[in-house]
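Undergrad: In the working numbering, the protein residues as written are -6 to 228. We treat Cβ as the ideally placed atom computed from N, Cα and C, and that holds for glycine.
#1: Identify every residue that forms a DSSP beta bridge with residue 137.
#2: Pair every Cβ in the segment 38 to 57 with every Cβ in the segment 69 to 87, then say whether three or more of these pairs are closer than 8 Å.
#3: Between residue 56 and the rest of its own chain, which residues show a CB-CB distance below 7 Å, the 5 nearest in sequence each way excluded?
#4: Looking only at DSSP bridge pairs, what is residue 119 linked to?
#5: Between the C-alpha atoms of residue 217 and residue 25, what's the straight-line distance to the nearest angstrom?
#6: Just curious, the beta strand (DSSP E) that residue 229 is in, first and last residue?
#7: Note down, in chain order, each residue of its chain lying with its Cβ closer than 8 Å to the Cβ of residue 223, except the 5 sequence neighbours on either side.
#8: If you draw a straight line from the C-alpha of residue 67 to the C-alpha of residue 139, how long is it?
#9: For residue 160, is the classification buried or exposed, using 16 other Cβ atoms within 10 angstroms of its Cβ as the cut-off for buried?
#10: Counting along the chain, where does the alpha helix (DSSP H) carrying residue 170 start and finish?
#11: What are the start and end residues of the alpha helix (DSSP H) that includes residue 182?
#12: For residue 131, does the three-state DSSP call read helix, strand or coil?
#13: Measuring alpha carbon to alpha carbon, tell me which residue in 174, 79 and 126 is nearest residue 205.
#14: If you run the structure through DSSP and keep just helix, strand and coil, what is residue 222?
#15: Can you look up residue 202 in the DSSP assignment and give me helix, strand or coil?
#16: Under DSSP, the alpha helix (DSSP H) around residue 87 begins and ends at which residues?
#17: Classify residue 168 as buried or exposed, calling it buried when 16 or more other Cβ atoms lie within 10 Å of its own Cβ.
#18: May I have the straight-line CA-CA distance separating residue 158 from residue 113, to the nearest angstrom?
#19: With residue 30 as the anchor, note down where its beta strand (DSSP E) starts and where it stops.
#20: Can you list, in chain order, the residues of its chain whose CB lies under 8 Å from that of residue 198, leaving out five sequence neighbours each side?
#21: Give a yes or no on whether the C-beta atoms belonging to residue 213 and residue 12 are separated by under 8 Å.
#22: For residue 97 and residue 180, which I take to be in contact (beta-carbon distance under 8 Å), what is that distance rounded to the nearest angstrom?
#23: Let me know if residue 15 comes out buried or exposed under the rule of 16 or more other beta-carbons within 10 Å of its beta-carbon.
What follows is the structure, given as structure tokens:
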């Protein structure tokens, strides 16, 4: 797959139930949205870095950070039931209707504070040179998922896979999860809304110090600590 002309799409809707106004809350001195915008611009990979939002304040913050907001997201894709591929499909279709086409799309999440230009380039190069429908970073689960435990309402514990009770951790196959930072794919994949994990999905591994979901206040503090570690010495 040749990457060709690339579009960065950062989906940032206004509603956030767990952390209100999360996408523009200050993180390490900047609106959190500004960090993935900065990484995308620094990478030099994109013909356009745009933010898809229905929220005028988020659009203003995005523009101040250097991104474009050529059109607002429709209300149909602005609720918490809309999938990322619904948003991407709408963006690509809208650009096409305006006479502008892109070969590849990178969906970059608005709270990916730990993403770097170097990692975006690594994903781009893998997508451009491999036979993949999509490419995204993953990170390893810190403990073997084969020894995962379930807990009932009384606090009683049982194993999901009791056959691995006596298995040594080092003998079990490592498992990985989506790093929740970005996804490279073709524009047609967006239009077709092809599930990211299906087909020929490629990945590369990030260290756990580079990865942090932000869904709670504790997550936020952990992300700040990792960000400080990652950007120590960087203005």
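TA: With the structure as the only source:
#1: In the DSSP output, where bridge partners are listed per residue, residue 137 has none listed.
#2: Contact annotation: the segment 38 to 57 touches the segment 69 to 87, with at least three C-beta pairs closer than 8 Å.
#3: Once the five neighbours on either side are set aside, the close Cβ partners of residue 56 are 62.
#4: BP columns for residue 119 are empty, so no partner.
#5: When the Cα atoms are used, residue 217 and residue 25 turn out to be separated by approximately 11 Å.
#6: Because the chain spans -6 through 228 in this model, residue 229 falls outside it and cannot be assessed.
#7: These residues qualify, in order along the chain: 107, 109, 202 and 203.
#8: When rounded, the separation of the alpha-carbon atoms in residue 67 and residue 139 is 42 Å.
#9: With fewer than 16 Cβ atoms within 10 Å of its Cβ, residue 160 is classed as exposed.
#10: Taken as a continuous stretch (DSSP letters only), residue 170 belongs to no alpha helix (DSSP H), being part of the beta strand (DSSP E) at 169 to 171.
#11: For residue 182, the enclosing alpha helix (DSSP H) begins and ends at 180 to 185.
#12: In the three-state DSSP reduction, residue 131 falls in the strand class (E or B).
#13: Check the Cα spacing between residue 205 and each of 174, 79 and 126: the tightest is with 174.
#14: Secondary structure of residue 222 (DSSP, three-state): helix.
#15: In the structure shown, residue 202 falls within a helical segment according to DSSP collapsed to helix, strand and coil.
#16: Per DSSP, residue 87 belongs to the alpha helix (DSSP H) from 77 to 90.
#17: Under the 10 Å beta carbon count, residue 168 is surrounded by fewer than 16 other beta carbons and is classified as exposed.
#18: Whole-angstrom Cα-Cα distance: 39 Å.
#19: Run containing residue 30: none in the beta strand (DSSP E); it sits in the alpha helix (DSSP H), 27 to 36.
#20: Taken in chain order, the residues that qualify are 130, 131, 132, 133 and 169.
#21: Residue 12 is positioned such that its CB atom lies closer than 8 Å to that of residue 213.
#22: Correct: roughly 7 Å between the Cβ atoms.
#23: Taking every protein chain shown into account, the CB of residue 15 has 16 or more other CB atoms within 10 angstroms, so this residue is buried.
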